[in-house]
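Data first, discussion second: the structure below is written as structure tokens.
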Amino acid sequence: MIETRTIPVAAKVGWAFGSAGSTTILYVVNVILMYYLVTATGMDPALAGSFMLAGRIYDGIADLLIGQGSDRTRSRWGRRRPWMAAGALMSGLGMAWLFSGSGEGGSQAVMVMAALLLTFTGYSAFAIPSSAMPAEVTESAQERTSLMAWRTFFIQLAALAGGALAPAMIAWGGSSASAFARMGYCMAAFIFVSMAVAVIATAGMREQAVDHERGSALAGFGQLFANRPFLVLLGVKFCGFIASAAVGATGLFFMRDILARGEAGMAQFALASGIVGTLSVPVWRQIARHAPKPAVCAVALVLSAAISLSWLAASPAESDAVFLARGAFAGFATTGTLLMTLSMLPDAISYGVRRSGLRKEGLYAAFFEFFQKAAFAIAPFLVGLFLQASGYRSGTGPALVQTDAAREAVRLSMALIPAVAQVTGIALLLFYRMPAGSPAASIEEN
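Counted the way my numbering counts, the sequence shown spans residues -7 to 438.
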């Protein structure tokens, strides 16, 4: 039987703390990298978007291999933790290298791509096995939601590290090459430490014993595609990832070219969003005790779409209070969506595992990560093409002035792309049904 007792709080917190590191990677790569390539290295926006697309294609393939590998691993450390330890090391090294400014011209492009691939590989090696754990360490939907509440808390903490501190460090350094490098080194240290803590803390978590691997890879995919709740949730999360990726890829351009707030503005927005998001975790947790998770998730997505559309009316003339209030509401709404979808994920995975009898949690987590990577590849690529087509000029400095068409492209990328994706996610939630009799089909009572 899968372990059903209450998981110690220290183990929950330690496991969840690793998400702060893995999510910091997503923030830094999605929010900073494209801006760094266009402004600091002078790369064309379309080429910068292509770099990120190529890295994500590689990463998507690696995800599936890592998921299958962690399902099949047998060691005294368990199935998941050896991969997580390797991921912590690779992620830290890759992030430190990514913004180091190694090479010049064509060689710099090669160095950036190599560092990006190393970072992505480390991220997947950690995140996929870690994400597979909740579905196999407990059968309790309440314990899974508790795990995911802690994870949501630390994901919002990552918003303060990757979303607020990283842009602030760049602003403090005058957007110089050395400022980007220092930011990369600091983020690398935080990423490694948080992931290493998770590896150590999960030593006490019991995994489901698997003596022999049952079923081929094709059987595992068959199980996955027969799991309707998981597929619907996958679509909802994909829409959410598209929205987040579009905002991340456009955010710094929007702050500089539309609101005239620069990197400091991005740091302030992320700070307000991260603080409110972190504090609102117990609020959403309490709401979920009295309403179905899909309904709560839909409400959070409605709030997110409204906030996205509000960027259409934003201008440099708006007060700091309005600007920060938007960040606070964004943090509140994002936390609701994040907590609900994360807590629904292990429920859907556990349903599929019980239905088929195949222990393929790693494959589920890998497929989930694959769609996340696809969204975080597609959105920046489309934003890059859109900006390039509008005549957006790369580089930096006071002499650089964007055309009205380029500025409008930035505004639409920041507002309409996320809003359309979020509304689509709301529509998909109408099809989410956990089969009757499933432990996750009822509303939590505690």
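Each residue gets a CB set at the ideal place from its N, CA and C atoms; glycine is no exception.
I want to know whether the stretch 269 to 284 touches the stretch 294 to 310 - three or more CB-CB distances under 8 Å.
no
So, is A237 buried or exposed, given that buried needs 16 or more other C-beta atoms within 10 angstroms?
buried
How would you write the range of the alpha helix (DSSP H) that R277 sits in, first residue to last?
V273 to A280
Which word fits I192, buried or exposed, when buried means at least 16 other C-beta atoms lie within 10 angstroms of its C-beta?
exposed
Go ahead and label E436 buried or exposed: buried means 16 or more other beta carbons lie within 10 angstroms of its beta carbon, across all protein chains shown.
With a pLDDT of 41 at E436, under the threshold of 50, the modelled position of that residue is not reliable, and the figure given next carries that caveat. With 16 or more other Cβ atoms within 10 Å, it is buried.
Throw me the rounded Cβ distance for the L225 and V23 pair, which I believe falls under 8 Å.
Between V23 and L225 the Cβ distance is about 25 Å, and since that is not below 8 Å, they are no contact.
Okay, do the stretch 101 to 108 and the stretch 294 to 302 touch, 3+ Cβ pairs below 8 Å being the bar?
no
Smallest Cα separation from S11: which of T194, P159, E128 and I162?
T194
Pairwise C-alpha distance: M161 and S168:
10 Å
Can you give me the C-alpha to C-alpha distance between A158 and A78, rounded to a whole angstrom?
24 Å
Are the beta-carbon atoms belonging to G227 and L420 less than 8 Å from one another?
yes
Cα separation between M44 and A106?
12 Å
C-alpha distance - Q364 paired with I234, whole-angstrom precision:
8 Å
Report yes or no: do three or more beta-carbon pairs, one from the stretch 108 to 123 and one from the stretch 31 to 51, lie closer than 8 Å?
yes
Inter-residue spacing [alpha-carbon to alpha-carbon] between S302 and V314:
11 Å
Any idea if A487 is buried or exposed, counting beta-carbon neighbours within 10 angstroms, 16 or more meaning buried?
It is not possible to answer for residue 487, since the shown part of the chain is limited to -7 through 438.
Please report the distance separating the alpha-carbon of Q134 from that of F146.
19 Å
Straight-line CA distance for G240 to D36?
18 Å
Rounded to the nearest angstrom, what separates L223 and L216 at their Cα positions?
8 Å
Check whether the stretch 118 to 131 touches the stretch 48 to 68, taking contact to mean three or more Cβ pairs, one atom from each stretch, closer than 8 Å.
yes
Return yes when the Cβ of A401 is within less than 8 Å of the Cβ of F423, no when it is not.
no
When DSSP labels each residue in this structure, what does W69 get in the three-state scheme?
coil
Given a threshold of 16 other Cβ atoms within 10 Å of its Cβ, counted over all protein chains shown, does D55 qualify as buried or as exposed?
buried
Which runs of the alpha helix (DSSP H) fall wholly inside the stretch 133 to 195 and span at least 4 residues, in chain order?
133 to 150, 158 to 164 and 169 to 193
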